[in-house]
Amino acid sequence: MKQKLGFIEQLFRLPLFLLVFGLASIMMLIPAGYAGVVRELVTGRAFLYSGLLGVIIFVLIAMAHHGRMPGHGALGPLMSLFSTFVFLPLILAIPFYEALQTTSFFNSYMEMVSSITTTGATLFDDPERLNRPLHLWRALVGWLGGLIMWVAASSILAPLNLGGFEITARAEPGRRALGQGQVGQSEGRLKLIKIVATLFPIYFGLTWLLWALLWVSGDESLVALCHAMSILATSGISPVGGLTGESGFTGEMLMVLFMLFALSRLTFSSDTVTSESGGISHDPEFRIGIALVVAVPTVLFLRHWLASYDVAAETTMMDAGHAFWGALFTVMSFLTTTGFASNSWGDAQQWSGLATSGLILMGLCLIGGGVATTAGGVKLLRVFALYRNGRREMERLVHPSSVSNADPMARRLQKNGAFIAWIFFMLFALSLAAVTILLAASGATFEESVVMAIASLSTTGPLLEMGGDTPIRLIELNSFAKSVFVGAMVLGRLETLAIIALLTPDLWRG
């Protein structure tokens with residue numbers, strides 16, 4: 012046992028980017044084996060050779076690094092995370108490009124960036140253009156991206172007070188708290204081992220469980236597996252272009268239950284900043300998320316119900332139930348930045364006689380899910396911090412000399428937390444404006460530019476199809492627009508404060 016633990020410790024002494032590269036190389040053998048089963052031999056060889064070459068390169072570099080510790084300081088792991096989303100897709104795109112053979116390498120790279128950042132936007136609108144192993148690879152890469160964010164939240168972002176952890180922290184973003192001290196390299200690696208050992212079985216087990224449930228509910232095995240990985244990673248990747256309805260209402264019910272893990276980290280871990288709130292029932296993120304999931308469909312349902320009396324002669328409770336469920340599932344999906352639309356979403360629009368505006372879905376994507384989850388967007392904790400601060404300011408307007416009776420954690424949210432949350436909102440708004448301007452300069456219309464900017468920064472790729480009047484086809488964009496979209500996806504996944512931390516020389520020297 013000690014020898015096994017010693018080997019694991021030696022393995023985790025390697026640079027984090029190298030570890031992710033080795034894991035990705037091993038994962039290439041999965042679509043290689045599946046391609047052999049379904050007789051897609053060209054695809055199988057591309058993944059087999061790429062995977063074996065990657066494993067050999069990993070072993071050689073690991074041997075060269077044996078006995079050495081990375082010496083890049085506190086921001087070194089954050090740089091590894093940045094490299095994972097920018098440079099690792101170059102390697103992930105090699106078997107995809109070699110297997111497909113009908114697209115450019117840059118398009119393959121963009122597809123992999125979209126997958127590993129859990130955005131889920133695809134350049135191949137027709138699912139038939141990709142064979143089954145390639146669809147499996149896209150879902151696997153998205154699933155890997157979700158796992159990386161789960162682990163990175165505790166091991167990288169939390170110690171640096173980034174990714175939403177800065178809201179309740181006493182230190183500035185990118186720095187450790189005063190009483191926390193500097194964590195040694197060996198201690199940091201042991202913590203990483205514990206985090207991986209704790210979270211990976213949960214992540215893998217939840218994915219396997221949802222796959223089995225969707226399969227039993229009626230979905231084909233590959234479709235069920237890809238959808239299960241996409242729900243846990245909130246990537247919205249589907250081998251059939253969305254929910255086809257084989258599993259029906261049962262499958263959508265199961266998906267909604269597993270989407271709850273993207274509303275709050277307390278649903279699967281207690282290492283988040285809100286763990287002192289008293290459990291999941293008192294967690295502000297979870298409560299705000301549930302309130303939105305209930306309130307928005309209710310408003311849409313009432314709007315639909317009133318409109319139906321003007322445009323329809325007959326309505327039934329079955330039609331009303333389909334309309335409400337379609338709104339509830341779709342709202343939950345876009346709030347968690349997954350992007351799946353319910354099969355009843357279209358029925359709700361036809362039943363009402365009104366087309367629901369994509370602005371609602373874009374607003375939900377911007378809000379996003381919980382801190383330290385796979386969801387993108389601004390995050391619910393930041394919204395809660397601004398809400399608490401706004402309510403406190405309203406109290407002071409009535410009673411200027413009043414003293415807040417909130418607990419210490421709530422007072423941090425009302426003051427420093429709300430201030431940092433407001434800074435993040437401003438940075439997010441500036442990023443949104445900059446990406447929109449660049450996309451518009453590339454030749455896209457203003458509406459398309461806004462939708463693409465929100466879809467990339469909130470990591471909600473399916474919004475490209477449902478956000479505007481007509482679906483946006485990424486394959487038709489020029490190289491400059493595609494490059495802007497790729498950069499926006501990375502920025503949306505890492506968040507602006509993390510990028511600023513990487514570009515700040517003082518933090519590297521500290």
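Numbering follows our numbering, with no gaps: position 214 of the sequence shown is 225. Beta carbons: idealized from backbone N, C-alpha and C, even for Gly.
On the CB-based measure, 16 or more other CB atoms within 10 Å of its CB, does residue 205 come out buried or exposed?
Taking the first residue of the sequence shown as position 1, residue 205 is located at position 194. With fewer than 16 other Cβ atoms within 10 Å, it is exposed.
Taking Cβ to Cβ, would you say residue 41 is nearer than 8 angstroms to residue 151?
Position 30 of the sequence shown, counted from the first residue, corresponds to residue 41. Position 140 of the sequence shown, counted from the first residue, corresponds to residue 151. Contact: yes.
Under the three-state DSSP convention, the category residue 261 falls into:
For the purposes of this step, residue 261 is taken as residue 250 along the sequence shown, with counting starting at 1. Of the three classes helix, strand and coil, the one that applies to residue 261 here is helix, per DSSP.
Say whether the segment 121–134 touches the segment 216–230, bearing in mind that this needs 3 or more beta-carbon pairs closer than 8 angstroms, one atom from each stretch.
The segment 121–134 is not in contact with the segment 216–230.
May I have the straight-line CA-CA distance separating residue 238 from residue 142, to the nearest angstrom?
By one-based count along the sequence shown, residue 238 stands at place 227. By one-based count along the sequence shown, residue 142 stands at place 131. If you take the alpha carbons of residue 238 and residue 142, they lie about 16 angstroms apart.
I need the DSSP call for residue 137, collapsed to helix, strand or coil.
Residue numbering aside, residue 137 sits at position 126 when the sequence shown is read from its first letter. Reduced to three states, the DSSP call for residue 137 is coil.
Taking the CB atoms as reference points, tell me whether residue 504 and residue 387 lie closer together than 8 angstroms.
Your numbering for residue 504 matches position 493 in the sequence shown. Your numbering for residue 387 matches position 376 in the sequence shown. Against a cut-off of 8 angstroms, the Cβ pair of residue 387 and residue 504 comes out as a contact.
Closest residue to residue 308 among 296, 331, 447 and 291 (Cα-Cα distance)
Reading the sequence shown from its first residue, position 297 is the one you call residue 308. Here the closest residue by C-alpha is 331.
Shortest alpha-carbon distance to residue 27 belongs to which of 481, 105 and 203?
Working through the sequence shown from its first residue, we reach residue 27 at position 16. Distance check between residue 27 and each of 481, 105 and 203 places 203 closest, using alpha-carbon atoms only.
Cα-Cα separation between residue 323 and residue 312, rounded to whole angstroms
The residue given as residue 323 occupies position 312 in the sequence shown. The residue given as residue 312 occupies position 301 in the sequence shown. Unreliable placement is indicated for residue 323, whose pLDDT of 48 sits below 50; no coordinate value is reported for it.
Under DSSP, the alpha helix (DSSP H) around residue 72 begins and ends at which residues?
Indexing the sequence shown from 1 puts residue 72 at position 61. Start and end: 52–75.
Do the segment 394–407 and the segment 504–514 meet, that is, are 3 or more Cβ pairs less than 8 angstroms apart?
The segment 394–407 is not in contact with the segment 504–514.
Looking only at its own chain, which residues have a Cβ that is under 8 angstroms from the Cβ of residue 290, when we skip the five neighbours before and after it?
For the purposes of this step, residue 290 is identified with residue 279 of the sequence shown, where counting begins at 1. The residues are 277.
Compute the distance between the beta-carbons of residue 33 and residue 58, then report whether it is under 8 angstroms.
Taking the sequence shown and counting its residues from 1, the one referred to as residue 33 is at position 22. Taking the sequence shown and counting its residues from 1, the one referred to as residue 58 is at position 47. For the 8 angstroms CB-CB criterion, residue 33 and residue 58 do not form a contact.
Quick check on the DSSP output: the alpha helix (DSSP H) that includes residue 95 runs from which residue to which?
As a working mapping, residue 95 is identified with position 84 in the sequence shown. In the DSSP assignment, residue 95 falls within the unbroken alpha helix (DSSP H) covering 87–97.
So, is residue 410 buried or exposed, given that buried needs 16 or more other C-beta atoms within 10 angstroms?
Mapped onto the sequence shown, residue 410 falls at position 399. Residue 410 is exposed by the Cβ-count criterion.
Looking only at its chain, what residues have a beta carbon closer than 6 angstroms to the beta carbon of residue 339, apart from the 5 residues adjacent to it on each side?
Residue numbering aside, residue 339 sits at position 328 when the sequence shown is read from its first letter. For residue 339, where only same-chain residues beyond five positions count, the Cβ hits under 6 angstroms are 308.
Of the listed residues 64, 54, 122 and 30, nearest to residue 498 (C-alpha basis)
The residue labelled residue 498 in the question sits at position 487 within the sequence shown. Answer by Cα proximity: 122.
Under a three-way DSSP split, which group does residue 390 fall into?
Mapped onto the sequence shown, residue 390 falls at position 379. Reduced to three states, the DSSP call for residue 390 is coil.
Neighbour-count burial assignment, residue 20, 16 or more Cβ in a 10 Å radius:
Within the sequence shown, the letter at position 9 stands for residue 20. Under this definition residue 20 is an exposed residue.
What number of angstroms, rounded off, separates the C-alpha of residue 208 from the C-alpha of residue 487?
Position 197 of the sequence shown, counted from the start, is the residue given in the question as residue 208. Position 476 of the sequence shown, counted from the start, is the residue given in the question as residue 487. The alpha-carbon atoms of residue 208 and residue 487 are separated by roughly 43 angstroms.
Taking residue 49 as the reference, give the member of 102, 36, 144 and 73 with the closest Cα.
The residue labelled residue 49 in the question sits at position 38 within the sequence shown. Measuring from the Cα of residue 49, the nearest candidate turns out to be 144.
Alpha-carbon spacing of residue 189 relative to residue 171, whole angstroms:
One-based indexing of the sequence shown puts residue 189 at position 178. One-based indexing of the sequence shown puts residue 171 at position 160. In this predicted model, residue 189 has a pLDDT of only 47, less than 50, meaning its place in the structure is not dependable enough to derive any value.
So does the segment 432–452 actually touch the segment 390–399, counting three or more Cβ pairs closer than 8 angstroms?
When Cβ pairs closer than 8 angstroms are counted between the two stretches, the segment 432–452 is seen to touch the segment 390–399, the count reaching three or more.
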